[in-house]
Amino acid sequence: SQTIHQWPATLVQPVGSPLSLECTVEGTSNPNLYWYRQAAGRGLQLLFYSVGIGQISSEVPQNLSASRPQDRQFILSSKKLLLSDSGFYLCARRWQQNTEAFFGQGTRLTVV
Amino acid sequence: SQQGEEDPQALSIQEGENATMNCSYKTSINNLQWYRQNSGRGLVHLILIRSNEREKHSGRLRVTLDTSKKSSSLLITASRAADTASYFCATALEAAGNKLTFGGGTRVLVKP
């Protein structure tokens, strides 16, 4: 199974509020996990990826952070949201490098 | 800037026609992947082509890869209205195989 659980599907948050998006995956252990953000009508921007528990690579400096407390859990967080954090957030997994990615259904975040 | 860039940004065709879209990238890759995204949903993997392959087929999809030109193309033959979606290329870099970066996508509209 390559099931990826992402929730919530939609979220409206005020500027300055905290954020926590959780992604859990099923299937092969020790997957590579990814967080992407997509602006409306645009491509995917890689935010963070993780090759193992506690190992986080950050691609874009911003007020977001990621953590991987368990093998199949990847969390995207912010202490204080900005308007520019609005977007469609997608979690993905790959079972190893150089393979295809499987995506969750995404969370649409609107910061107001 | 993005590693992969798709061209055209948008494409409108009649059902039954072929749709061709291109992807250019900048850095040596291990493989190149094509994905499809229906509006507001997660991405679905279509085809993965490795750097030592030149062409790959899957049903009505044909992908080519020219590493000397750092470009790839996706051809959808005999298009259907259900093929309406955004299509993205993604590259796994030779120097960083765990990263998977996406282009801006091509929005395809197939008119019945």
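Sequence lines, in order, name chains W and L. Per the numbering used here, the very first residue in the first sequence carries number 1; after that it's consecutive. Per the numbering used here, the very first residue in the second sequence carries number 1; after that it's consecutive. Even glycine gets a Cβ: it sits at the ideal position worked out from N, Cα and C. Source: prediction; values computed, not measured.
- Can you round the beta-carbon distance between residue 47 (chain W) and residue 85 (chain W) to whole angstroms, since I take them to be within the 8 Å contact cut? If you number the first sequence from 1, residue 47 (chain W) lands on position 47. If you number the first sequence from 1, residue 85 (chain W) lands on position 85. That pair is no contact at about 11 Å.
Report task. Decide if the segment 27–40 of chain W is in contact with the segment 6–13 of chain W; the criterion is three or more beta carbon pairs, one per stretch, under 8 Å apart. Result -> no
Would you mind telling me which residues of chain L sit closer than 7 Å to residue 32 (chain W), beta carbon to beta carbon, in chain order?
If you number the first sequence from 1, residue 32 (chain W) lands on position 32. Going along chain L in sequence order, the residues near residue 32 (chain W) (Cβ under 7 Å) are 98.
Can you find a CB in chain W that lies within less than 7 Å of the CB of residue 42 (chain L)? Within the second sequence, residue 42 (chain L) is the residue found at index 42, counting from 1. By this cut-off, residue 42 (chain L) is an interface position.
- Query: Is the distance from the Cβ of residue 64 (chain W) to the Cβ of residue 78 (chain W) below 7 Å?
  - Reply: As a position in the first sequence, residue 64 (chain W) is number 64, starting the count at 1. As a position in the first sequence, residue 78 (chain W) is number 78, starting the count at 1. Yes.
- request: Output, in sequence order along the chain, the residues in the segment 26–50 of chain L whose CB is closer than 7 Å to any CB in chain A.
  value: Reference to chain A is not applicable here, since the protein chains of this structure are W and L.
message: Please list, in chain order, the chain W residues whose beta carbon lies closer than 9 Å to that of residue 16 (chain L).
response: For this step, residue 16 (chain L) is matched to residue 16 along the second sequence. Within chain W, no residue comes near residue 16 (chain L); the closest Cβ sits about 27 Å away, beyond 9 Å.
Out of curiosity, what's the CA-to-CA distance linking residue 105 (chain L) and residue 41 (chain W)?
As a working mapping, residue 105 (chain L) is identified with position 105 in the second sequence. As a working mapping, residue 41 (chain W) is identified with position 41 in the first sequence. Taking the straight line joining both Cα atoms gives about 9 Å.
Report task. Look up residue 21 (chain W) in the DSSP assignment and give the residues it is bridged to. Result -> The residue you call residue 21 (chain W) lines up with position 21 of the first sequence. In the DSSP output, where bridge partners are listed per residue, residue 21 (chain W) has W:76.
Does DSSP put residue 58 (chain L) in a helix, a strand or coil?
Numbered from its first residue, the second sequence carries residue 58 (chain L) at position 58. In the structure shown, residue 58 (chain L) sits in a strand (DSSP, three-state: E or B).
Inset, instruction - Determine which residues of the segment 35–67 of chain W have a Cβ less than 7 Å from any Cβ of chain L, and write them out in chain order. - result: 42, 43, 44, 46, 49, 51
Closer than 9 Å at the beta carbon, the chain L residues around residue 90 (chain W) = Looking up residue 90 (chain W) in the first sequence gives position 90. Neighbours of residue 90 (chain W) on chain L, chain order: 42, 43.
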